[in-house]
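J.:
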Amino acid sequence: MMQSHAEQQGYILASGILDLINDGYGFLRQLSLKPSPNDVYVSQSQIRRFALRTGDQVMGQVRPPKDGEKYYGLVRVEGINGLDTDAARARPSFDTLTPIFPNVQLKLETAKDNLSTRLMDLLSPIGRGQRGLIVSPPKAGKTTLLKHIAQGISTNNPGVTLMVALIGERPEEVTEMKRSIDGEVFSSTFDDPVEDHCRVAELALERAKRQVECGKDVVILLDSITRLTRAY
Numbered sequence: 001m002m003q004s005h006a007e008q009q010g011y012i013l014a015s016g017i018l019d020l021i022n023d024g025y026g027f028l029r030q031l032s033l034k035p036s037p038n039d040v041y042v043s044q045s046q047i048r049r050f051a052l053r054t055g056d057q058v059m060g061q062v063r064p065p066k067d068g069e070k071y072y073g074l075v076r077v078e079g080i081n082g083l084d085t086d087a088a089r090a091r092p093s094f095d096t097l098t099p100i101f102p103n104v105q106l107k108l109e110t111a112k113d114n115l116s117t118r119l120m121d122l123l124s125p126i127g128r129g130q131r132g133l134i135v136s137p138p139k140a141g142k143t144t145l146l147k148h149i150a151q152g153i154s155t156n157n158p159g160v161t162l163m164v165a166l167i168g169e170r171p172e173e174v175t176e177m178k179r180s181i182d183g184e185v186f187s188s189t190f191d192d193p194v195e196d197h198c199r200v201a202e203l204a205l206e207r208a209k210r211q212v213e214c215g216k217d218v219v220i221l222l223d224s225i226t227r228l229t230r231a232y
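UniProt numbering numbers the first residue of the sequence shown as 1 and each following residue consecutively.
1. Which residue from Gly24, Asp19, Asp23 puts its Cα closest to that of Leu33?
2. Mind the definition here: the region 14 to 30 touches the region 164 to 179 only if three or more C-beta pairs lie below 8 Å; say whether that holds.
3. By Cβ distance, which residues of its chain are closer than 8 Å to Thr189, with the 5 residues on each side in sequence left out?
4. Is Ser93 helix, strand or coil when you go by DSSP?
5. Give a yes or no on whether the C-beta atoms belonging to Cys214 and Arg91 are separated by under 8 Å.
6. Where does Val42 sit, in a helix, a strand or coil, going by DSSP?
7. Given this structure, state the Cα-to-Cα distance separating Val219 from Val62, to the nearest angstrom.
8. Alpha carbon to alpha carbon, how far is Gln105 from His148?
9. Spatial neighbours of Asp182 within its chain, please: C-beta separation below 6 Å, excluding the five flanking residues on both sides.
10. In this structure, does DSSP put Gln61 in helix, strand or coil?
11. What are the boundary residues of the beta strand (DSSP E) that includes Gly79?
12. Just to confirm the assignment, what range does the beta strand (DSSP E) spanning Arg29 have?
13. Roughly how many angstroms separate the alpha carbons of residue 250 and Pro102, rounded to a whole number?
14. Can you tell me whether Glu206 is helix, strand or coil according to DSSP?
15. Given a cut-off of 8 Å on the beta-carbon distance, is the pair Phe50 and Asp39 in contact?
16. Spell out whether any CB of chain B is found under 8 Å from the CB atom of Tyr72.
17. Note down, in chain order, each residue of its chain lying with its Cβ closer than 7 Å to the Cβ of Glu109, except the 5 sequence neighbours on either side.
18. Going by DSSP in three states, Met2 sits in which element: helix, strand or coil?
19. Within a Cβ cutoff of 6 Å, which residues of the same chain sit near Val185, ignoring the five residues on either side of it in sequence?
20. Measure the alpha-carbon distance for Leu115 versus Arg227 and round it to whole angstroms.
21. Alpha carbon to alpha carbon, how far is Ala201 from Leu222?
22. Do Tyr41 and Gly73 count as a contact pair if the criterion is CB distance below 8 Å?
23. Let me make sure I understand the geometry here. Which of Ala14, Ser36, Ile12, Leu13 has the alpha-carbon closest to that of Asp196?
24. What residues are listed by DSSP as bridge partners for Val219?
25. Under three-state DSSP, which class holds Asp19?
Written out as structure tokens, the structure is:
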């Protein structure tokens with residue numbers, strides 16, 4: 001219905017993840033989180049009016065660029081993170097939320113022939129709100145284990161939002177991850193500039209925070225923290 005109304009007004013209904021710039025304005029990025037000609041410009045007045053934050057998923061009516069402009073422009077905000085604008089303005093800030101110890105386990109076991117996630121459930125269980133680190137030598141199967149963890153989270157924990165950030169990995173591994181899991185995959189491959197590595201990782205983290213502010217449980221899987229550290 002909103003799409004039809006937007007078309008009648010001569011606009012396009014579009015959505016993207018907000019990336020705020022230091023000068024106060026911002027752009028709606030696509031799932032790659034990298035700058036592109038298809039980004040949508042968001043003005044300072046709209047950001048202040050709707051209390052928009054970096055990482056917000058913003059949906060609204062968009063107009064084509066005028067003469068001398070490079071980007072599409074956001075004309076009207078229809079929704080923020082799946083909420084209406086009034087509800088989004090009333091959400092708390094992530095920094096004001098209270099951290100607690102994990103008290104709900106994330107079950108990972110799926111198929112009987114997959115022993116890795118079964119062993120994790122028994123020997124090193126993961127709880128909601130917990131931080132963990134996988135340490136192993138190269139070519140030991142860390143990415144495969146992360147894929148199994150992601151599949152276990154999606155299968156056994158339907159109320160959890162899954163996000164995977166692949167930093168400095170091969171493009172083939174990014175494609176394999178997207179095909180294998182039910183969740184959002186953000187990536188900056190090894191042939192991208194290091195600035196993209198940092199930008200994608202930071203935007204993915206902010207995206208997760210915005211969803212937590214809306215009352216969702218979010219799990220982030222990052223591969224690899226070594227390449228991200230080198231990028232910084």
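From the three backbone atoms N, C-alpha and C, an ideal C-beta is built for every residue, glycine too. All values derive from a computational prediction rather than experimental measurement.
T.: Reading off the structure:
1. Asp19
2. no
3. Leu166, Gly168, Glu169, Arg170, Pro171, Val174
4. coil
5. yes
6. strand
7. 31 Å
8. 16 Å
9. Ser154
10. strand
11. 72 to 80
12. 26 to 29
13. Lying outside 1 to 232, the shown extent of the chain, residue 250 is not represented and no answer is given.
14. helix
15. no
16. In the structure shown, chain B cannot be found, because there is only a single protein chain.
17. Thr117, Arg118, Asp121, Gly152
18. Since pLDDT at Met2 reaches only 44, below the 50 mark, its modelled position is unreliable, and the value read off the structure follows with that caveat. Of the three classes helix, strand and coil, the one that applies to Met2 here is helix, per DSSP.
19. Val164, Met177, Lys178
20. 28 Å
21. 9 Å
22. yes
23. Ser36
24. Leu162
25. strand
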